[in-house]
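Same order as they appear, the protein sequences are chains S and C. Each residue of the first sequence is one higher than the last, beginning at 325 in this note's numbering. Each residue of the second sequence is one higher than the last, beginning at 36 in this note's numbering.
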Amino acid sequence: SQQGEEDPQALSIQEGENATMNCSYKTSINNLQWYRQNSGRGLVHLILIRSNEREKHSGRLRVTLDTSKKSSSLLITASRAADTASYFCATPSSGSARQLTFGSGTQLTVLP
Amino acid sequence: DVKVTQSSRYLVKRTGEKVFLECVQDMDHENMFWYRQDPGLGLRLIYFSYDVKMKEKGDIPEGYSVSREKKERFSLILESASTNQTSMYLCASSSRDRALYGYTFGSGTRLTVV
Numbered sequence: 325s326q327q328g329e330e331d332p333q334a335l336s337i338q339e340g341e342n343a344t345m346n347c348s349y350k351t352s353i354n355n356l357q358w359y360r361q362n363s364g365r366g367l368v369h370l371i372l373i374r375s376n377e378r379e380k381h382s383g384r385l386r387v388t389l390d391t392s393k394k395s396s397s398l399l400i401t402a403s404r405a406a407d408t409a410s411y412f413c414a415t416p417s418s419g420s421a422r423q424l425t426f427g428s429g430t431q432l433t434v435l436p
Numbered sequence: 036d037v038k039v040t041q042s043s044r045y046l047v048k049r050t051g052e053k054v055f056l057e058c059v060q061d062m063d064h065e066n067m068f069w070y071r072q073d074p075g076l077g078l079r080l081i082y083f084s085y086d087v088k089m090k091e092k093g094d095i096p097e098g099y100s101v102s103r104e105k106k107e108r109f110s111l112i113l114e115s116a117s118t119n120q121t122s123m124y125l126c127a128s129s130s131r132d133r134a135l136y137g138y139t140f141g142s143g144t145r146l147t148v149v
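In structure tokens form, the structure reads like this:
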């Protein structure tokens with residue numbers, strides 16, 4: 325069952341601009357994770373934010389979490405062509421914390 | 036460098052064939068998962084395993100089975116392949132104790148059933 329939903333489905337920006345992707349989820353969670361997938365490859369774990377955190381940074385990535393709105397955002401600053409990929413949010417499944425449920429993803433294209 | 040290895044990147048099989056997709060991880064992870072990924076549908080969980088010889092159904096187990104005889108290996112079996120099983124298959128693993136560190140994924144197997 326779908327837990328996280330990303331918005332927008334697709335995003336196209338120029339190199340150097342910032343990219344923001346949003347994720348909404350339905351049930352209470354103890355953490356939310358973001359993954360990247362390059363075309364035709366597996367997913368790579370980017371960052372995890374716990375429910376008691378509001379913001380987290382990792383390099384050019386900034387993730388926020390608003391548990392009252394059940395939403396999260398991923399900001400990529402100063403984007404590069406190499407950031408072109410699909411980005412997914414993932415949340416623990418309601419049935420088991422060890423399982424993750426993934427959204428449908430945002431396809432980010434960074435134009436050189 | 037820790038990794039999850041899927042045996043094939045691309046696979047073409049005929050309808051009705053029995054298909055084995057192999058996944059091996061070298062991180063001593065307890066948890067292993069099989070997902071399929073289709074355009075517009077995201078990742079859907081097929082089966083998962085938390086221990087050797089243990090398996091649980093995910094959201095879409097129909098037409099699939101799994102085997103986990105050793106901790107490092109988790110196999111997905113398509114008993115009789117059908118064209119609607121054409122998809123990207125992704126294997127992932129995670130540590131029971133470090134579940135919050137996220138999943139490690141393999142590179143995926145793109146299966147085409149003709």
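A virtual CB, placed ideally from N, CA and C, is assigned to each residue, including glycine.
* To do: May I have a chain-ordered list of the beta strand (DSSP E) segments no shorter than 3 residues that lie completely inside the segment 336-383 of chain S?
  => 343-348, 355-361, 367-374 and 379-382
* Cβ contact (3+ pairs, closer than 8 Å) linking the segment 65-85 of chain C and the segment 119-132 of chain C -> yes
* Close beta carbons around C/L46, own chain, < 8 Å, minus the five adjacent residues each side -> Walking along the second sequence from the start, residue 46 of chain C turns up at place 11. Only V54, L56, T144, R145, L146 and T147 meet the Cβ criterion.
* To do: Give the range of the beta strand (DSSP E) segment to which C/D73 is assigned.
  => Sequence index remark: in the second sequence, residue 73 of chain C carries index 38 (1-based). Per DSSP, C/D73 belongs to the beta strand (DSSP E) from N66 to D73.
* Asked: Below 8 Å, can you find three or more Cβ-Cβ pairs linking the segment 355-368 of chain S to the segment 408-428 of chain S?
  -> yes
* Asked: Terminal residues of the continuous beta strand (DSSP E) containing C/R49?
  -> For the purposes of this step, residue 49 of chain C is identified with residue 14 of the second sequence, where counting begins at 1. It is not in any beta strand (DSSP E) - C/R49 carries neither H nor E in the DSSP assignment.
* Take the Cβ of S/T351 as the centre, count every other Cβ of all protein chains shown within 10 Å, and call the residue buried at 16 or more, exposed below. => Residue mapping note: residue 351 of chain S aligns to position 27 of the first sequence, counting from 1. Classification for S/T351: exposed.
* **Spatial neighbours of C/L80 in its chain, beta-carbon cut-off 6 Å, leaving aside the 5 residues before and after** => As a working mapping, residue 80 of chain C is identified with position 45 in the second sequence. Answer for C/L80: Y70, G93 and D94, listed in chain order.
* To do: Could you pull the start and end residues of the beta strand (DSSP E) that C/G98 belongs to?
  => Taking the first residue of the second sequence as 1, we reach residue 98 of chain C at position 63. Neither: C/G98 is in no beta strand (DSSP E) and is coded neither H nor E.
* Asked: the segment 369-394 of chain S: which residues have C-beta closer than 7 Å to a C-beta of chain C, in chain order?
  -> H369 and L372
* Asked: Under a three-way DSSP split, which group does C/D63 fall into?
  -> Start at 1 with the first residue of the second sequence, and residue 63 of chain C comes out as number 28. Correct three-state label for C/D63: coil.
* What do you reckon, are the CB atoms on S/E329 and S/V434 nearer than 9 Å? -> Position 5 of the first sequence holds residue 329 of chain S. Position 110 of the first sequence holds residue 434 of chain S. It is not a contact, given that the beta carbons lie outside the stated cut-off.
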